[in-house]
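Q:
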Amino acid sequence: MAAIEATNLTRIFHVGDEEVRALDGVDLSLADGELAAVVGPSGSGKSTLLTLLGGLDTPTSGSITVYGEELAGMSPDELAGYRCSSVGFIFQDFFLLGHLTALENVEAPLKLAGVVRGGREERAHELIELVGLGARGSHLPRQLSGGERQRVAIARALANRPKLVLADEPTGNLDTKTGHAITDILGALNAEQGITMMVVTHNPAVAALAKQRLRMVDGKFEEVAV
Amino acid sequence: MTTRDLCSEVMRNLSRRKLRTGLTMAGVVIGALAVVLIVSLGNGLSSFIEHNVRGIANPNVVEAWQTKGLQPGKLADGFLGGLGQPPREIKKGNEDNFIGSFQIQFIPSNQVRQLREIEGVRAVRPFVFILARSLEVVGDGREFNTIVSPWIQAGPVELVGGRNFRAGEDNASECIVSEAYLTSLGLQQPEDLIGKRVRLHVTEHPMLGIIGRSSVDAPAMGQIHESMTTLRRPLGKGLGIFKGIGEKVRALYQLLQVLDLKPRDGSGKETYEVTVVGVIRKSLLSNIVYVPDGLAEEMGRVLLRNPELYTDKAFGLAALLEVEEQADIPRIKAEVEKIGLKPRALEDHLGVMHRIFGMFQKIFIVFGGIAFVVAAFSIVNTLLMSVVERKREIGVLQALGATRRHIGTMFAAEAAAIGFWGGIIGTIVGWVMCQFGSVWARGQWPYILGSSDAFLPPDWLFPVLLVFTTLLGLGAGVYPAIRAARLDPVEALRYE
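Chains A and B, in that order, give the protein sequences.
With our numbering, you'll find the first sequence wraps up at 226, consecutive numbering, no jumps.
With our numbering, you'll find the second sequence wraps up at 722, consecutive numbering, no jumps.
This is the structure:
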């Protein structure tokens, strides 16, 4: 079964009187366990695609099926449920909750899923270990380096064992060396745990991990190289 | 998300902005504090009245008041009731409410007889009001201020020494005094006072002189009118001023004459020598001296210079009915009403006091309520700011799977928590202030308050107030919570 199936996906924004087609009839198919990279200039619609796949936004037209679930007709609460159980987000700016420690950040999605305290803590420790931050779990985000913050964000994205991870420029705010380390983690997660990933990136190293590389220009895929 | 997680999240979020949370909470604290103090003061005073007034008034007495002629209430209505209104027509048969107000009409003898015939009434006595000046133990020389009251008006007194008045010895030259006199006189035991001869110096209040007359007749009214006109007339000019002053002095003299206010023998007081036969436990009326009813009436006759006063011929404005059973009071009141007099029992007096306090309390609670309204707006404002500040955080939570309900609940719960903790702090501070207030009040008025609490918070107050402030917070949080819940996740995540 395909992990993601998107047909004629269109997202139109209205800026004043102007109509902006952020996505213009995109078709997409991603197999289970696959890692796809989306590249393209700024404003080409890459991030919009991720928000639609992640259920943060709804398409103006077209359909998205993720593991057999049709997102287009879902209510806000159903979309929230989908985000909670099926998707993990990784952002360029990490978006950690500043008042919570690394471990508590990882626990946050578990809390939202209603996991009890004991289970939550166990899972958070496990994930913090997985991303190599075992000793830094009780630190606040501001006490962590950029690379460490992104590791926490990765751990958080994995908290509810999502089938799909969506990463928006995960190395965009990191130096090359740290970026490599993050790339390695993402590659390993895809290879070892079989998590389906779609990564929007400018980083050739990340793009190199991908089986499917998609180039987006003006809201359309320009070419699909397999 | 479990309730426990929600609570810890809420407390965490509130503690992130301690100063702002504290200032917002301050509004609720002030409101709660005000309500605690006001309600406690009202309750304390009510309880004080209940315990103390009950202790000084006779619960076995039903008063029966004349409804015709001069009455303080009607007099006030006659002068003030028409303020700002066109003059009212005096209709036939309704003169009593207007012209009649200026005439004193005692309870007629036939009505007194009817009162005596009511079943369950042991005795009917006139309502005697004596203005005393002082008590002096013969041979001691010092005078102490005092209240002299007929025995029938005594509350449920407790003898600490000596005896009650003997039945049938209505005119005995005896008195029963409060044990507070022991302190003033420097005596140790009630027995030290019993058997002592004391002089009661009693005086008549000038205004009460009018009441001593059975009526103010038409010529007298004319004289009053003439004198008043002269008194109101402007003084002349130049040397005429002296003439004017002379006229006014004459008018004043005439007025005093017609009102018969001049002292009886120039001394303006009477002295009665009586023996102390009993000492009673100290009550609110700590300087009370009780005398037998007959003696009290005699004092009244002498003071008001009307030898027929307090007899069936001129019974006075009110009668006191001593009842055999308190349970009969409602029935006896109904019969008094049938006779055409206005009945009043202790419960009615207490009821009036409670109503007055209750009214003031309600008014003050409205002021406390204003503090709560301000507090509610402050909570709304704080949370709206918080929604804007935490916009990206809300976006992140939405990305992590938070539903609208979860986001909304979190903000509403934060508002409710501000209300709840504000309520807790306000009631605790209020309670502490009540304790201090009571101690302070006892220090200020030790003899009046005794061991009573001026500020007495009722048991129901704290739970009710906590529920109220929490609901207030919750109510104030609804709009910010909706705003937060409806944020678009994509937009929220982009917010810098």
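Ideal placement from N, C-alpha and C gives every residue a C-beta, glycine not left out.
Give every residue of the same chain whose Cβ lies closer than 7 Å to the Cβ of N371 (chain B), excluding the five residues on either side of it in the sequence, and list them in chain order.
A: Mapped onto the second sequence, residue 371 (chain B) falls at position 145. Excluding sequence neighbours, N371 (chain B) sits near S360, N513.
Q: Distance, Cα to Cα, A718 (chain B) vs T695 (chain B)?
A: As a first step, residue 718 (chain B) must be located in the second sequence, where it is residue number 492. As a first step, residue 695 (chain B) must be located in the second sequence, where it is residue number 469. C-alpha separation (whole angstroms): 31 Å.
Q: Along chain A, which residues have their Cβ under 7 Å away from the Cβ of E619 (chain B)?
A: As a first step, residue 619 (chain B) must be located in the second sequence, where it is residue number 393. The contacting residues are L97.
Q: Would you say the stretch 188-206 of chain A touches the stretch 15-33 of chain A, given that touching needs at least three Cβ pairs under 8 Å?
A: Touching, yes, given that three or more Cβ pairs across the two stretches are closer than 8 Å.
Q: Anything in the stretch 615-642 of chain B with a Cβ closer than 9 Å to a Cβ of chain A? List those residues in chain order, please.
A: Here the close residues are R618, E619, G621, V622, L623, Q624, A625, L626, G627, A628, T629, R630, R631, H632.
Q: Mind checking if V236 (chain B) is an interface residue toward chain A, Cβ cutoff 8 Å exclusive?
A: Against the second sequence, residue 236 (chain B) aligns to sequence position 10. It does not; no Cβ of chain A falls within 8 Å.
Q: To the nearest angstrom, report how far apart L530 (chain B) and Q340 (chain B) are at their CA atoms.
A: The sequence position of residue 530 (chain B) within the second sequence is 304, counting from 1. The sequence position of residue 340 (chain B) within the second sequence is 114, counting from 1. In a straight line, the C-alpha of L530 (chain B) is about 26 Å away from that of Q340 (chain B).
Q: Measuring only the C-alpha atoms, how far is D574 (chain B) from I373 (chain B)?
A: Walking along the second sequence from the start, residue 574 (chain B) turns up at place 348. Walking along the second sequence from the start, residue 373 (chain B) turns up at place 147. Their backbone Cα atoms lie some 23 Å apart in a straight line.
Q: In its own chain, which residues sit with a C-beta less than 7 Å from the C-beta of A207 (chain B), not counting the 5 before and 5 after it?
A: What is shown of chain B runs 227 to 722, which leaves residue 207 (chain B) out entirely.
Q: Mind the definition here: the stretch 64-76 of chain A touches the stretch 98-116 of chain A only if three or more C-beta pairs lie below 8 Å; say whether that holds.
A: Touching, no, given that fewer than three Cβ pairs across the two stretches are closer than 8 Å.
Q: Using 8 Å for Cβ pairs, my map puts R246 (chain B) next to T635 (chain B). What's the rounded Cβ distance?
A: Stepping through the second sequence from its first residue, residue 246 (chain B) is reached at position 20. Stepping through the second sequence from its first residue, residue 635 (chain B) is reached at position 409. The Cβ separation is near 21 Å, so there is no contact.
Q: Roughly how many angstroms separate the alpha carbons of G648 (chain B) and A258 (chain B), rounded to a whole number?
A: In the second sequence, counting from the first residue as 1, residue 648 (chain B) sits at position 422. In the second sequence, counting from the first residue as 1, residue 258 (chain B) sits at position 32. For G648 (chain B) and A258 (chain B), the distance between alpha carbons rounds to 8 Å.
Q: Does the structure place the stretch 139-152 of chain A close enough to the stretch 110-125 of chain A that three or more beta carbon pairs sit under 8 Å?
A: No, because fewer than three Cβ pairs between the stretch 110-125 of chain A and the stretch 139-152 of chain A fall closer than 8 Å, the two stretches do not touch.
Q: Which residues of chain B have a Cβ atom closer than 9 Å to the Cβ of K46 (chain A), listed in chain order?
A: Counting from 1 along the first sequence, the entry for residue 46 (chain A) is found at position 46. Neighbours of K46 (chain A) on chain B: none; closest Cβ ~14 Å, over 9 Å.
Q: Can you name, in chain order, every residue of its own chain whose Cβ lies under 6 Å from the Cβ of D679 (chain B), other than the five neighbours on each side?
A: Numbered from 1 along the second sequence, position 453 holds the residue referred to as residue 679 (chain B). Here the set comprises G270, S664.
Q: Which full runs of the beta strand (DSSP E) of 3+ residues lie inside the stretch 319-380 of chain B, going along the chain?
A: Taking only runs of at least 3 residues, the beta strand (DSSP E) segments lying wholly in the stretch 319-380 of chain B are 347-352, 357-363, 369-371, 373-376.
Q: Taking just the CA atoms, how far does P518 (chain B) sit from W377 (chain B)?
A: Here the question's residue 377 (chain B) lines up with position 151 in the second sequence. Here the question's residue 518 (chain B) lines up with position 292 in the second sequence. Spanning the two alpha carbons is a distance of roughly 5 Å.
Q: Less than 7 Å between C-beta atoms, sequence neighbours within five positions excluded: which residues of the same chain meet that for E563 (chain B)?
A: Locating residue 563 (chain B) in the second sequence gives position 337, where the first residue counts as 1. Cβ neighbours of E563 (chain B) beyond the five flanking positions: P569.
Q: Identify every run of the beta strand (DSSP E) within the stretch 30-107 of chain A, keeping only runs that are complete inside it and at least 3 residues long; order them along the chain.
A: Listed in chain order, the complete beta strand (DSSP E) runs (minimum 3 residues) inside the stretch 30-107 of chain A are 35-39, 61-66, 87-90.
Q: Residues bridged to R425 (chain B) by DSSP?
A: The residue you call residue 425 (chain B) lines up with position 199 of the second sequence. Answer by DSSP bridge pairing, in chain order: B:E362, B:E499.
Q: Measure from the C-beta of F89 (chain A) to each C-beta in chain B and report whether the shortest distance is under 8 Å.
A: As a working mapping, residue 89 (chain A) is identified with position 89 in the first sequence. Taking Cβ atoms only, chain B reaches closer than 8 Å to F89 (chain A), which makes this a yes.
Q: Counting only beta-carbon atoms, is R668 (chain B) nearer than 8 Å to chain A?
A: If you number the second sequence from 1, residue 668 (chain B) lands on position 442. Cβ-Cβ to chain A under 8 Å: no for R668 (chain B).
Q: Counting only beta-carbon separations shorter than 8 Å, does V716 (chain B) have a partner in chain A?
A: Your numbering for residue 716 (chain B) matches position 490 in the second sequence. For V716 (chain B), the answer is yes, since a Cβ of chain A falls inside 8 Å of its Cβ.
Q: Would E109 (chain A) count as contacting chain B if we go by Cβ distances under 8 Å?
A: Numbered from 1 along the first sequence, position 109 holds the residue referred to as residue 109 (chain A). For the record, residue 109 (chain A) in the displayed sequence is Pro; it is not Glu. Judged by the 8 Å Cβ criterion, P109 (chain A) is in contact with chain B.
Q: Distance check for G584 (chain B) and G628 (chain B), CA to CA, integer angstroms please.
A: Taking the first residue of the second sequence as 1, we reach residue 628 (chain B) at position 402. Taking the first residue of the second sequence as 1, we reach residue 584 (chain B) at position 358. Position check: residue 628 (chain B) holds Ala in this sequence, whereas Gly was assumed. The straight-line gap from Cα to Cα measures roughly 49 Å.
Q: Start and end of the alpha helix (DSSP H) containing Y673 (chain B)?
A: Locating residue 673 (chain B) in the second sequence gives position 447, where the first residue counts as 1. Where Y673 (chain B) is concerned, the enclosing alpha helix (DSSP H) stretches over 672-675.
Q: Is it right to say K317 (chain B) is buried, meaning 16 or more other beta carbons lie within 10 angstroms of its own, or is it exposed?
A: For the purposes of this step, residue 317 (chain B) is taken as the residue at position 91 of the second sequence. It is exposed - the Cβ of K317 (chain B) has fewer than 16 other Cβ atoms within 10 Å.
Q: With E548 (chain B) and V383 (chain B) assumed to form a contact (beta carbons below 8 Å), what rounded beta-carbon distance in angstroms separates them?
A: Looking up residue 548 (chain B) in the second sequence gives position 322. Looking up residue 383 (chain B) in the second sequence gives position 157. Actually they are not in contact, since the Cβ atoms of E548 (chain B) and V383 (chain B) sit about 15 Å apart, beyond 8 Å.
Q: Is V15 (chain A) buried or exposed, if buried means 16 or more other CB atoms sit within 10 Å of its CB?
A: Here residue 15 (chain A) refers to the residue found at position 15 when the first sequence is read from its first residue. V15 (chain A) is exposed by the Cβ-count criterion.
Q: Along chain A, in chain order, which residues have C-beta atoms closer than 7 Å to that of R246 (chain B)?
A: One-based indexing of the second sequence puts residue 246 (chain B) at position 20. Going along chain A, no residue has its Cβ under 7 Å from R246 (chain B), so there is no contact; the nearest lies around 14 Å.
Q: Taking the alpha carbon of G81 (chain A) as the point to measure from, which residue in A:D93, A:F91, A:L56, A:L174 has its own alpha carbon closest?
A: For this step, residue 81 (chain A) is matched to residue 81 along the first sequence. Nearest of A:D93, A:F91, A:L56, A:L174 to G81 (chain A), Cα basis: A:L56.
Q: Leaving out the 5 sequence neighbours to the left and right, which residues in its chain are closer than 7 Å to P109 (chain A) when beta-carbon positions are compared?
A: Residue mapping note: residue 109 (chain A) aligns to position 109 of the first sequence, counting from 1. Taken in chain order, the residues that qualify are C84, R156, A159, N160.
Q: On the criterion of 16 or more Cβ atoms from any shown chain inside 10 Å, does K463 (chain B) qualify as buried, or is it exposed?
A: Here residue 463 (chain B) corresponds to residue number 237 of the second sequence, with the count starting at 1. Looking at its Cβ environment, which holds fewer than 16 other Cβ atoms inside 10 Å, K463 (chain B) is exposed.
Q: Can you tell me where the alpha helix (DSSP H) holding S404 (chain B) begins and where it ends?
A: Here residue 404 (chain B) refers to the residue found at position 178 of the second sequence. From DSSP, S404 (chain B) is part of no alpha helix (DSSP H) but of the beta strand (DSSP E) over 400-404.
Q: Along chain A, in chain order, which residues have C-beta atoms closer than 8 Å to that of M189 (chain B)?
A: For chain B, the structure presents residues 227 to 722; residue 189 (chain B) sits outside this window and is missing.
Q: Any beta carbon from chain A within less than 8 Å of M227 (chain B)'s own beta carbon?
A: For the purposes of this step, residue 227 (chain B) is taken as the residue at position 1 of the second sequence. Output row for M227 (chain B): interface = yes.
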